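Working notes, structure below.
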Amino acid sequence: MPANLATDAYPLAKGWSLDLVVTIRTHAHAADALTTDTPAWTRTMVRTAILLAHPVNG
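For the sequence shown, my numbering gives the first residue as 15, with consecutive numbering after it.
Here it is as C-alpha coordinates:
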(Lines of atoms letter the chains of each structure in order from A and count residues from 1; the text may use other names and numbers.)
(Lines give C-alpha, C1' and ligand atoms only; values in the text may rest on other atoms or scores of the structure.)
Protein backbone atom coordinates (compact mmCIF):
# COMPACT_ATOMS: atom_id res chain seq x y z
CA MET A 1 0.00 0.00 0.00
CA PRO A 2 1.52 3.39 -0.96
CA ALA A 3 2.19 6.02 1.69
CA ASN A 4 -0.47 8.62 2.41
CA LEU A 5 1.55 11.60 1.20
CA ALA A 6 -0.42 14.01 3.38
CA THR A 7 0.62 12.33 6.62
CA ASP A 8 3.31 9.72 6.00
CA ALA A 9 6.89 9.78 4.85
CA TYR A 10 7.50 8.49 1.34
CA PRO A 11 9.54 5.26 1.54
CA LEU A 12 12.67 5.24 -0.62
CA ALA A 13 14.79 2.14 0.04
CA LYS A 14 16.12 0.04 2.91
CA GLY A 15 14.64 2.12 5.71
CA TRP A 16 15.22 5.53 4.09
CA SER A 17 12.24 7.84 3.69
CA LEU A 18 11.36 11.36 2.67
CA ASP A 19 8.66 13.44 4.35
CA LEU A 20 7.24 15.32 1.37
CA VAL A 21 4.98 17.61 3.41
CA VAL A 22 7.87 18.86 5.54
CA THR A 23 10.07 19.12 2.45
CA ILE A 24 7.62 21.45 0.69
CA ARG A 25 6.81 23.49 3.81
CA THR A 26 10.47 24.13 4.62
CA HIS A 27 11.42 25.18 1.08
CA ALA A 28 10.22 28.79 0.92
CA HIS A 29 9.99 29.02 -2.88
CA ALA A 30 8.04 25.76 -3.14
CA ALA A 31 5.62 26.81 -0.40
CA ASP A 32 5.04 30.16 -2.15
CA ALA A 33 4.66 28.47 -5.53
CA LEU A 34 1.73 26.42 -4.22
CA THR A 35 -0.26 29.65 -3.88
CA THR A 36 0.30 30.82 -7.48
CA ASP A 37 -1.74 30.16 -10.60
CA THR A 38 1.30 29.18 -12.65
CA PRO A 39 1.46 25.37 -12.92
CA ALA A 40 4.93 25.32 -14.48
CA TRP A 41 6.41 27.45 -11.68
CA THR A 42 4.71 25.32 -9.02
CA ARG A 43 5.95 22.09 -10.61
CA THR A 44 9.50 23.43 -10.93
CA MET A 45 9.70 24.66 -7.34
CA VAL A 46 8.19 21.48 -5.86
CA ARG A 47 10.57 19.38 -7.94
CA THR A 48 13.50 21.50 -6.75
CA ALA A 49 12.46 21.11 -3.11
CA ILE A 50 12.27 17.33 -3.47
CA LEU A 51 15.64 17.12 -5.19
CA LEU A 52 17.27 19.21 -2.44
CA ALA A 53 15.60 17.30 0.42
CA HIS A 54 17.55 15.08 2.76
CA PRO A 55 16.07 11.59 3.31
CA VAL A 56 16.12 10.20 6.83
CA ASN A 57 17.01 6.70 7.92
CA GLY A 58 14.47 5.24 10.21
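Every residue, glycine too, gets a C-beta built ideally from N, C-alpha and C.
This structure is a prediction, so every number in the text was calculated from the model and none was measured.
Distance, Cα to Cα, Ile-38 vs Ala-45? The count along the sequence shown starts at 1 and reaches residue 38 at position 24. The count along the sequence shown starts at 1 and reaches residue 45 at position 31. When rounded, the separation of the alpha-carbon atoms in Ile-38 and Ala-45 is 6 Å.
Based on the DSSP output, what are the partners of Val-70 in its beta bridges? Within the sequence shown, residue 70 is the residue found at index 56, counting from 1. Paired residue(s): Ser-31.
Taking the alpha helix (DSSP H) that Asp-46 belongs to, which residues open and close that run? Here residue 46 refers to the residue found at position 32 when the sequence shown is read from its first residue. It spans 42-47 - the alpha helix (DSSP H) in which Asp-46 sits, taken as one unbroken run.
Cutoff 8 Å; reference Thr-50; Cβ partners in own chain excluding five residues on either side: For this step, residue 50 is matched to residue 36 along the sequence shown. Counting only residues of its own chain and dropping the five nearest sequence neighbours on each side, Thr-50 has a CB closer than 8 Å to the CB of Thr-56.
C-beta contact flag for Ala-42 and Leu-32 at 9 Å: Within the sequence shown, numbered from 1, the residue matching residue 42 stands at position 28. Within the sequence shown, numbered from 1, the residue matching residue 32 stands at position 18. Result no, Cβ atoms of Ala-42 and Leu-32 do not sit closer than 9 Å.
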